[in-house]
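Convert by adding 3 to the 1-based position in the sequence shown; the result is the number in the working numbering.
Ideal Cβ positions, reconstructed from N, Cα and C, are used throughout, including at glycine.
None of these values were measured; they are calculated from a predicted model.
Working notes, structure below.
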Amino acid sequence: MKSGRANFQDGGSRGGGNRTNFQEGGNRNFRDGGNRGGGHRANFQDDGNRSNYNGGGPRRNFQDGGHRNLQDGGNRGAGPRRNFQDDGHRQNFQDGGNRNFQNGGNRGGYGRGRGNGDGGNRGRGGARPPSKPHVLTGEGAIFPVHVDPGRKAYRYDVSMDFRTVRYDGRAIVTSLTKEKRDTRTRALCYRILSIVMGATNDFGVPQIQIAYDNQNTLYSSQPFTQISYTVTKDQLTTELQELLKGNGEITVEISPNQEMEYVDLSDLSQYSSGDIVLDEDQSVRQVLEIILSQGALNSGIFSVVGSGQLYREEEKPIGRGLCTRYGTQKGIRVVEVDDPNNATTKKICPGLIVDFKCSPFYSVGNLLQKVKEFINADARNPNVWEDAIKFFQGIKVCPLYDKHRVLVVKNFDDRYVDEISITLGDGTDDSTGEVISLPDFYRTKKHCRLGEPHTRAVNVYGDKGQFPMELLSILPNQRVSLEKVTSYLREQVHRLNAVPPQQRYENIITEVHAMDFNSDVTKAFGIHVSSEPAENATALEFERPPKPTIIAGGNVQIQPNEDGKFDLGRNKYYQPCNINRWAIIYDGRDCDPHLIKGFHDTFKKVSQGRGITFKEDARLKGFNSRTSSFNDWRKLFKEFKDNQITFVILIDSKSNQHSHNILKMMEAVTKVLTQHVTLEVALKVVEQHQTQTLGNILLKINVKNGGSNYKVQFNTAERLDINKGDVLILGYDVAHPAGVSPEERKENIDKGHQSETRDPSTVGITANVLPDPSAFIGDFFFQPTCQEKVDKHELRIYVKQFLLRLKNNRKKLPGIVVILRDGVSEGQFKMTFEEELPAIRQGFADFEKETKLDYKPKFVFIICTKRHHKRFFEGSKGDFANPQAGSFIENTFTRPDCIEFYMQCHKAIKGTAKFVQVSVVLNEPEVSKKELFSFLHSLSYGHQIVCSPVSLPTPIYQADELAARGFEVYHSVKQHMPQEIKWENGEIKYYELSTLLNYSDSELGNRRFNA
């Protein structure tokens, strides 16, 4: 950066040592009230990152420089919804009815009989053209970064203090750099630094270039002596002067950092030791990220919003006070690449990862006008003001008469501005005791005459009184969580992100060129980015292991097609369940009893065709699921329990948005299995004879009741063939409640709460401990909020419980234990390895002690995540497509210190596929990479609820769904049975809550209840 160029990079934690991440992190937010249902996930982030819409739900903590924010991805929600995820080709009917279009085609519009027809190609438009043949080569949006040997970035601390004098002569000193500020203040800091650089002739060093976080840390391409300088307020523009209250001057101090004088940008020695780097010094990566952002920021086209995210300044309005902005997610990763000077060897270098995105933002402007726009778009909605509060809560604004202030909207007052009076006094300088109306106060004290006083006032965090909306302005660069917006707007953002591979590739290249990664700044630091994706820069090859064989009932073998899909045909299930006493309850106001009887008969007939047996017909019972009280529900399920009914189907309209959550809560409390089917689905089954729809429901019901729909063969997994019974798999994941604003967090702390939010985090955990070694069961438990590290005590207990169940179900204990962990960043590898893995080992020790057995298996610890920004494309320039299902990438842009690869086992339906990043941090049995390929590939086929692979290996896919189920049930209990949630010192008693709601100690402990 040279003086005079704009840089609006976010400020962040300063600190010494390795803490050099200066961009703001975003929180992946899931608000209360919309909990992800018992079904599957909808994808709103480029068909790669899992998220749901229609409300809130548990969030997943995303590290690597901040919390994962699903701003453009959608939010986990409840209720019926279409699933657009690339891993499960299905439509979710309130935890029933998974649409699976077999044999490589969309379900046809005409001529669909009971047979398979033409695989879905006989539609209104005739057969679709054949798909393009897949190839084994492609490119990745990862760009090698070359650094001249010995090049350094010199680190300096920056301090800027604004000094002014009150009317009584008392000095006031305000630090502009000590705490994280809004983007306006960071722009102010940049301008002040530009003035200093101009006045000191670039710190007395010709040709110097700097990278500045616009707060308290600066990196320079050459060293310089300490700088002290004073800037007067009149040297600033009028707009920037308004950010400083009173007359005064700014003292600037720039001094070498005492803990880290410089960072050697070419020093990658820690990665070449051959051992896994768990305690990584990320200084080089972080400084490279800052330097590589400088060219884009200097251009004035981009600004930094969130960790590693650059957005174009241009806004595109989409209505209701929203706009979208194009941007990128970027990051630096140290990887192995082919050595251009030696084709037989690899070299270690930094890699720049870039992905394109489109995110929603609050439109900058007058708050009143934006609120009007929001309200008028849905004026007939009686709850529109409640929606407005949800939408605008947490937004940052500034008063037009005091632009240096930053206020955070809490809600809208029930009163109009002209109905509010205040008392001048209470320790203020205007202490007169006079009662004055709010409009008169602003007219006489702030010299602002209100144009629309008969509008609702705004309450802000911090109990600072009420404010007129017309006097507040929305600050720039504020992203919107999609949980706050309507489904229509969510769909708009989804469409902008779910772009085909060729378009995404072109978007990425366009942004890479616009961000000018080879600017004068980067050149001054000795950095060069291979930004042209020539074959020698980003070329890659795909490995495609054979797809696993699927076994249906009667040992019928089925081969998946190239998309991974397979058709069970008319075969029986591999292991049909037996249903003893069961019931169907239905809303008598919406459902005709004859329809229910027809559904019952069709359901039973089709089930029996799959091999399912029934002891008796279902008990049919009308029940008003829409208006019945919680006590009515509890009485109904007590009756079922007393009559030994073990399985209940609820049929009601999909317009009933509340019955699903209550149904699942009753299941958790009473341990009576449930299945929710919408009236609309029942009508299709009975009146339109859509047995395919019913068949998809049966896939769930058979598994819930202890059956297995099919078995997956691990053809080439060798030692990791789970069907041999010698591999125990533990999968687990953590889901978190919504993050809160700093103001909400402070309020909670002021009330004596130890956590930023009082809702717990939820851990889902699974294992294959049933007699069938390919079947997985699991449970969930609760732990302190927003804690990614799994509670060691609970983890130890659950591991021992799984082992005891395994001992009872099998004659032989497995010799290999594979642990699959989802949802952690590279910075958390050390935490999982040094804290969670020992807790798991202790669970094994507890099992040995209790059973008096000597059990010493060998462990494999694998971390799988889709929380990265790497994109891979099949094909070549101008002709890119999504890679074929079952594609693996090895030895290209992977970590040099451990086994690592990328896999895409599923077929992406919309947009560009997101690969799973697989990192093996422990490998005691020394299994080969090829064994791991086959093992994880086959595991992705074991979901049972769809006849195709899912995006993650089944154990952690199910663990994620279990965590979501636990969160959903918790919120239902919080709403309907709050007295059952026990508290101690302001914290939930997590063990008691887990005991109340989880399934391990019940008769359902051996069932996959959340299928």
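Under the three-pair Cβ rule at 8 Å, the stretch 351 to 363 counts as touching the stretch 142 to 150. DSSP places M669 in no beta strand (DSSP E) but in the uninterrupted alpha helix (DSSP H) bounded by 662 to 673.
In summary, P886 is buried, with 16 or more beta-carbon neighbours lying within 10 Å of its beta-carbon over all protein chains present. The three-state secondary structure of Q244, taken from DSSP, is helix.
The beta carbon of L403 is closer than 8 Å to those of C451, L474, L475, S476 in its chain, skipping five residues each way along the sequence. Rounded to whole angstroms, the gap between the alpha carbons of V930 and I732 is 15 Å. Remark: C-beta atoms of D164 and T240 do not approach each other more closely than 8 Å. Residue environment: D825 is assigned as buried (16 or more neighbouring CB atoms within 10 Å of its CB, all protein chains considered). A straight line joining the alpha-carbon of L1000 with that of E971 spans about 11 Å. Scanning its chain for C-beta atoms nearer than 6 Å, with the 5 sequence neighbours on each side dropped, one finds around R1010 the residues G709, in chain order. At least 8 Å separates the beta-carbon of H872 from that of M906. Judged by DSSP secondary structure, M200 falls outside any beta strand (DSSP E) and instead within the alpha helix (DSSP H) spanning 186 to 202.
Taking 8 Å as the cut-off, the Cβ atoms of L499 and C594 do not count as close.
For the pair L441 and W986, the Cα-to-Cα distance works out to about 42 Å. Note on the stretch 567 to 615: whole alpha helix (DSSP H) runs with a minimum of 4 residues are 596 to 612, in chain order. D963: member of the alpha helix (DSSP H) spanning 957 to 979, first to last residue. A contact between stretches requires three or more CB pairs, one per stretch, nearer than 8 Å, and the stretch 590 to 608 fails this requirement with the stretch 663 to 672. Nearest to G172 by C-alpha distance, out of R482, S272, G251, is G251. Taking 8 Å as the cut-off, the beta carbon of G767 is found closer than this to the beta carbon of E964.
Shortest Cα-Cα distance from D160 to any of R187, I213, D267 involves I213. Non-local C-beta neighbours of R459 in its own chain, meaning closer than 8 Å and more than five positions away in sequence, comprise W388, F415, D416, D417, R418, Y419, V420, M472, ordered along the chain.
Within the stretch 371 to 438, the complete alpha helix (DSSP H) runs of at least 4 residues fall at 387 to 395. When the alpha-carbon of L942 is set against those of G818, C901, T897, A778, the nearest one is in A778.
Annotation: the stretch 224 to 284 contains the following complete segments of the beta strand (DSSP E) (minimum length 3 residues), in chain order: 230 to 235, 251 to 259, 265 to 267.
Assigned with DSSP and collapsed to three states, K992 falls in coil, not helix or strand. For A174, the closest of K248, R158, K181 by C-alpha to C-alpha distance is K248.
For N926, the uninterrupted beta strand (DSSP E) segment begins and ends at 919 to 926. Counting only residues of its own chain and dropping the five nearest sequence neighbours on each side, R154 has a CB closer than 7 Å to the CB of L268, S269, F528, G529.
In the DSSP annotation of this structure, the continuous segment of the alpha helix (DSSP H) that includes H516 starts and ends at 504 to 517. L925 is the residue among F876, K319, G881, L925 whose C-alpha sits nearest the C-alpha of E839. Around F633, the same chain offers H979 as residues with beta carbons nearer than 6 Å, after the five sequence neighbours per side are excluded. Taking K917 as reference, the option from S954, S937, V949 with the minimal CA-CA separation is S954. Here I294 carries a helix assignment [DSSP, helix/strand/coil].
Runs of the alpha helix (DSSP H) lying entirely within the stretch 784 to 828 and spanning at least 4 residues, in chain order: 795 to 812. Put simply, the backbone Cα of S997 is about 29 Å away from that of I819.
A962 and D782 have their C-alpha atoms some 8 Å from each other.
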